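A quick write-up on the structure given underneath.
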Amino acid sequence: MELQLRGITKRFPGVLANDSVDLTARSGEILGLLGENGAGKTTLMNILYGLYTADEGQIIIDGQERHFEGPGDAIEAGIGMVHQHFMLVPVFTVTENVVLGVEPTNFAGIMDMKEAAREVHEISSKYGLEVDPEAITEDIPVGIQQRVEIIKVLFREAEFLVFDEPTAVLTPQEVEEFFGIIRGLRDAGKAIIFITHKLKEVLKISDRIAVLRDGKVVGHTTPAETTQEALAEMMVGRPVDLLVAKDVASPKEVVLRVDDVFVTDTRDQITVKGLSLEVKAGEIVGIAGIQGNGQTELVEMLTGMRPAASGAVYLNGEDVTDEGPRGIHSRGVAHIPEDRQRRGLVMNFTITENIVLNTYYDPPYSKGIVMDWDAAAAAAAKLVELFDVRTPSISIPANSLSGGNQQKVIVAREFSRDVKLIIAAQPTRGLDVGSIEYIHGRIVRARDAGVAILIVSTELDEVMALSDRLLVMFDGKIVADLDPTQVSATDVGLYMAGATP
Amino acid sequence: MTAVSKTQEHVFTPAELKRARYLGITYIVLALFVLWFFGVGSIGEGDATLKLVKPTDRFKEFPNLVLPAAIFSFVVAAMFASLGAIQLTRGFKNMGNVVLAIVLLFFVFSFLTWAAAGKSFSFVGMMQETVKRSIPIALGAMSGVLSERVAVINIAIEGQLLGGAFVAVVVGSAVHPWMGVLAAILTGVVLGWVLAVMAIRYRVDQIIVGVVINLFVLGLTSFITQRILNDNPQFNGSEVFRAIEIPLLSDIPFFGTVLFKQNIFVYVTFALVAVLTYGLFHTKWGLRSRAVGEHPKAADTLGVSVYGYRYLNTLMGGAVAGFGGAYFIQGSVGQFDENMTNGRGFIGLAAMIFGRWHPVGALSAALVFGFAEALSGKLSILQTPIPSEFLGMAPYIVTIVVVAGLVGKARPPAADGQPYIKD
Amino acid sequence: MSDQQRPDTSPPDGKGTSQFFQDLTGLGIDWRSAVLVPVLAIITALLVGVVVIVFTDLEALRLWGSDPGAALSKTWSSVSGGYKALFVGSFGSLRAISETMVGAAPLILAGLSVAIGFRAGLFNIGTEGQMLIGGMSAILVGVAFQLPLFLHLPLALIGAAIGGAVWGAVPGILRAKTGAHEVITTIMLNLIALNLVVYLLKSSLFQAEGRTDPISETVAVSARFPRLFGYLHDSQVRVTAGIIFAVLVAWFIYWLLFKTTLGFEFRAVGMNPDGAHYAGMNVVFLYGAVMAVAGALGGLAGADQILSILYRGSPGFSAGIGFDAIALALLGRSHPAGVVAAGVLFGALRSGGQVMQVETDLSIDLILVIQALIVVFIAAPALIKAIYRVRTGRAADLPTTGWGT
């Protein structure tokens, strides 16, 4: 079978997301679709899946043009999609998630869950996708959740399988396992479209590669014909330095010391379980780990947003365990939060208001309880200039900026203070290469100026490139303290999965 | 801060421990309260006689429940004290809410024996009244369950009840009582449709739409009542449906009278709870509805129509609330008064939260509220020294305590109240 | 999305009037959204009111079949009579304007109570109960003391503000600490307050001597708002300094919200409580504080009702003003200036509605219908835009949230 996209064009207000894109996917073949964040990959796939309607262009399956009004039509046409953010209902069982939308029923719409569970079991044993059909989805690990997503697609007898950034949540070992699964699917005659911004992976798994940049297909190639460097240049449009440029660190005194802390999450489950670590001035310490191993709660605890159940945190020797966010950041700690739209910014506030979001209560931005908005505007204007935030005005709300510029507003606010420690969670998630390079550069400059830096990221490549010292977090504890220049990604991956190399 | 033990099998989190401690202290305070007010307060007052059958019942010779008021309360106080002690020392693990329910039940009984010490009163009558009064609340709560399971918050239940009652009386008296019920259901559907269009299509804040619908219905029904109904009594008097005695079942002493000598609204409500429970958890419709309420994007990507299910369930919820409105007329008094629903819709909403968005839970909560209403009616007859205003407040105070999480934190559908935006 | 900016829909930078205007509209919406839509909403609501009158006129409806001419004239007379009474009763004379202002003062204070809640992301439906508690506190102070006016009146107002603040803070603290949704808790507290007031009015503390029904003593003259046109010796021109007080309070709330650090915190919590927590603001304190301020404003509204108009308490003396205030705050875009304007409009509707009720056979409940419709059209500007084909910028977000925390 063959799937063709011809001349697909999609415009959003002010943005041309897809510009006459042509692509072909065939049975028994893996097509790698490479592009950086914001290149238009997800938009393209949403059009293919019927979630968006293209402004122009055709979708042709086996020579026949198809029109999708919604995902139902795309599913009908044999297209299945594993989304970057899983589309699973957390409180449902695995089986309920799999059958949703195509429920096997008796009379009067009563579901036959026994039959459904049997079918789920059949698919899972056929393709080596082991799951417990009765498990509640939110209780199973992300790696298994991904299997549920694949079973969902296969349950609908899809012939064209689209994977959108499927490896983002997996350890290197799980990635290997996952590659084995999709090779198996390819050999079983399915057509696979593998969307990613990771060069290594696209070279490893694809039979053919298409590169998307600024909404256009800028080239076709195969893994045999190309190299990482060439692909990177194609993807970004200019030569890219794949490594973070930095000198050897010269760590000084201990700034942050964490001693045997326990932390609970929002659902009252203990997720940080007796963790200890140290960060020194002038070094970048990275924490690698699979999402959901307590990193979020650790960062929230360190920045005062979540209380520690027990244990202690010292900042320059001072016990700050019971300090709130203000106590922490007034002691010279900058925090780049994981979810910038939910935490780091008030999206409806102007850039000026966001710039003073955590310093508004001190001069020069206020005298007593009266705000000085002129001083705030002056500071905002200066920082927007200094940190290269692209905006027509400092009086527009933060939600009218692009993701990269929103992150720059946060970086501007946090780095412009007199800080001794920077705690950054997923600092470059979802950003384009230009913004990533800029933020990495800022972090390295801060380190060289003697600031202690703690980076928490699920992007293993990023923490390995940026850190001077690499910690691996698994099940709420630090399980390894490594030198990133001396260790292989495979070994780090084993630690991330709770094993020892 | 409580240290967290690493070895224990079931690890209690700090929040759980805190709540367990609060509960333990509450039980002990209740023990002292019962001991002093109900126990010491009824010394020498004699026995309380709770009648379990009515003179018209088939087995009218069935014995009454006679409790020595003071002694009973002393026993209850002792029981509370020991339960509190156990709660504080080792806790009840998974049985915590069961114990809480038992404590509340005995508290109420202790209160009743105190109030009725040396007198006798018809407990069966009060329970029959409880069921009746819980019906509009339960129907309001079911309406809420239907729409909130698909993430549409329905504050307009009050307006749907009131609008339903108004139309039920007009159509019921001008045409036929059954047509009145039907028209009330349609009125609920129309108001549900307004809510749905505003919330789903125009993405107006759902709470605001609900408040506005309530204001609108209150204004319009009051306006028309003054302008038309007051001068035209032929539009304001519908036949009230009689109680239907279910053969055999209605002969069971006490329970037969309470549950099986009621009018059609009661039976329909109980049936509705059963159907909804089964439907939500065992049918295609239920699975899809819950998916739409928990994770609309996931449902959408699987070809489930998010808007379709939101419309469908909000309209069904409107129908249920409209039917609840008809209860005030054909099920109860037959006449319309301005603002006659008097906050029942909001109590229904609280019952839905209390019942954790589950039909059976919501019905149980509605029965608790119905009991509180029946009790305050009964107590004025018993002439207790408690001012009637305080009894009037009781259900509202209970509601606040409930939503503040005494019974543990409830988890609403994840997308509740959020409009779904298709790009 | 690429790194390009999205199109700029906001007004250019600037100070002075445009800054004020941006505050007024919250998000820098253009004048059509801020002024044109509300005006069209009011007109449309009044037109729908006509439909309601026409379709509830039974006699005229019967006549349509037999004598359409008579039916038309009957319908016309009831519509025009009603609306004329509405207008004359609100702006037609000094007395009417005075009555409008009398009605506007508590409405403005109550509207501010709801509006400040909206600004902080809380839906305060509890203004009615806060008015009752505040009003009772004012009666207590007004009856218990004999003091000169310049001491007695402020003392009564402070008492009312404190009473309302305590009543209001409860749902705020519950929301922050336990996640109990303020919509439910404030509605419950209204019903509790209603019962409590009846109980108190029958207690020896409040009940007027020689009465058995729930009614309080009359407050001392020194605790009352002085009449503005007292020198006219016209007992029908009742407007008091209460209206001036209400406008001053509105100005204070504007200053508080937009010029102070506390106001910045209120607004930050309202738009993003997680972001406010991140920024080191104390969300629990702020939810409590904002509801205490809202409660104090509600309490002042209740005090005005007592100290300007009724002088004594009776059951339900808040007269539904706390519910009208929700509509009013929405109409005024939750901005103090907008609330003052909307308060005058609603005061006019109330005052005119009373005249209409007396002079025609239309009950004042029609006002409730009109107010509800105004809010529908304000809350769903898409309707107004569709009807009148107005193009506007983006609509304001009014932040309320689902049941979750």
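Respectively, the protein sequence lines represent chains Y, Z and S.
Using this note's numbering, the first residue of the first sequence is number 102, and each one after it goes up by one.
Using this note's numbering, the first residue of the second sequence is number 8, and each one after it goes up by one.
Using this note's numbering, the first residue of the third sequence is number 164, and each one after it goes up by one.
By construction, the Cβ of each residue, glycine as well, lies at the ideal position given by its N, Cα and C atoms.
Since we're looking at a predicted model, the values are computed, not measured.
Partner residues in a beta bridge of Ile279 of chain S, as assigned by DSSP, do not exist.
Closest option to Ile336 of chain S, judged by alpha-carbon separation, among S:Ala324, S:Ile325, S:Gly326 and S:Thr349: S:Thr349. Fewer than three Cβ pairs drawn from the stretch 314-323 of chain Z and the stretch 104-111 of chain Z lie within less than 8 angstroms of each other, which leaves the two stretches out of contact. Around Lys365 of chain S, the same chain offers Pro377 as residues with beta carbons nearer than 6 angstroms, after the five sequence neighbours per side are excluded.
Residues of chain S whose Cβ lies closer than 7 angstroms to the Cβ of His430 of chain Y are, in chain order, Gly443. Exposed is the label assigned to Ser89 of chain Z, since fewer than 16 other Cβ atoms lie within 10 Å of its Cβ. Residue pairing by DSSP places Glu419 of chain Y opposite Y:Leu416 in a beta bridge. Under the criterion of beta carbons closer than 8 angstroms, Ala124 of chain Z and Gly53 of chain Z qualify as touching, at roughly 6 angstroms.
About 6 angstroms separates the Cβ atoms of Asn243 of chain Z and Val176 of chain Z, confirming a contact at the 8 angstroms cut-off.
Taking C-beta atoms as the reference points, Met454 of chain S and Pro334 of chain S count as a pair closer than 7 angstroms. The beta carbons of Ala526 of chain Y and Val400 of chain Y sit closer together than 7 angstroms. Fewer than three Cβ pairs drawn from the stretch 220-237 of chain Y and the stretch 574-593 of chain Y lie within less than 8 angstroms of each other, which leaves the two stretches out of contact. The bridge partners DSSP lists for Met574 of chain Y are Y:Ile579. Taking the Cβ atoms as the reference, Tyr150 of chain Y lies roughly 13 angstroms from Ala126 of chain Y, outside the contact range of under 8 angstroms. Counting C-beta atoms within 10 angstroms of its own C-beta, Val105 of chain Z has fewer than 16 neighbours from the protein chains shown and is therefore classed as exposed.
In the displayed model, Val349 of chain Y falls within coil according to three-state DSSP, outside both helix and strand. In this structure, Y:Arg112 is the residue among Y:Met565, Y:Thr601, Y:Gly551 and Y:Arg112 with its C-alpha nearest to the C-alpha of Lys317 of chain Y. Interface residue (Cβ-Cβ distance to chain S less than 7 angstroms): Val178 of chain Z is not classified as such. Beta-bridge analysis with DSSP links Ser225 of chain Y to no other residue.
Contact annotation for Thr423 of chain S against chain Y: Ile470, Val471 and Met472 [CB-CB distance below 7 angstroms, chain order]. For Gly501 of chain S, no CB of chain Y lies under 7 angstroms from its own CB, so it is not counted at the interface with that chain. Judged by DSSP in its simplified three-state form, Asn320 of chain Z adopts helix. With contact defined as three or more Cβ pairs closer than 8 angstroms, the stretch 334-345 of chain Z and the stretch 179-199 of chain Z are in contact.
Proximity of the stretch 218-230 of chain S to the stretch 481-493 of chain S falls short of the contact definition, fewer than three beta-carbon pairs being nearer than 8 angstroms. Here Phe343 of chain Z is buried, its C-beta having at least 16 other C-beta atoms within 10 Å.
Each residue's CA atom was taken as its position, placing Asn239 of chain Z and His315 of chain S some 51 angstroms apart. According to DSSP, Thr322 of chain Y shares a beta bridge with Y:Ile310. Straight across, the Cα-Cα distance linking Asn417 of chain Y with Glu384 of chain Y is about 15 angstroms.
At least one CB of chain S lies nearer than 7 angstroms to the CB of Leu458 of chain Y. At a beta-carbon threshold of 7 angstroms, the residues of chain Y lying near His440 of chain S are Met406 and Pro426, ordered along the chain. For Phe113 of chain Y, the pairing in a beta bridge is given by DSSP as Y:Val116.
Apart from the 5 residues on each side of it in sequence, Thr403 of chain S sits with its Cβ closer than 7 angstroms to the Cβ of Phe388, Pro389, Arg390, Leu391 and Ser471 in its chain, given in chain order. The residues Phe242, Gly244 and Ser245, in chain order, have a CB closer than 6 angstroms to that of Ser180 of chain Z in the same chain once the five nearest residues on each side in sequence are set aside. The alpha-carbon of Asp163 of chain Y is positioned some 16 angstroms away from that of Gly181 of chain Y.
Here Val242 of chain S has Val213, Ile216 and Val217 as same chain residues with Cβ atoms under 7 angstroms from its own Cβ, once five neighbours each way along the sequence are excluded. Collapsing the DSSP output to three states places Glu157 of chain Y in a strand.
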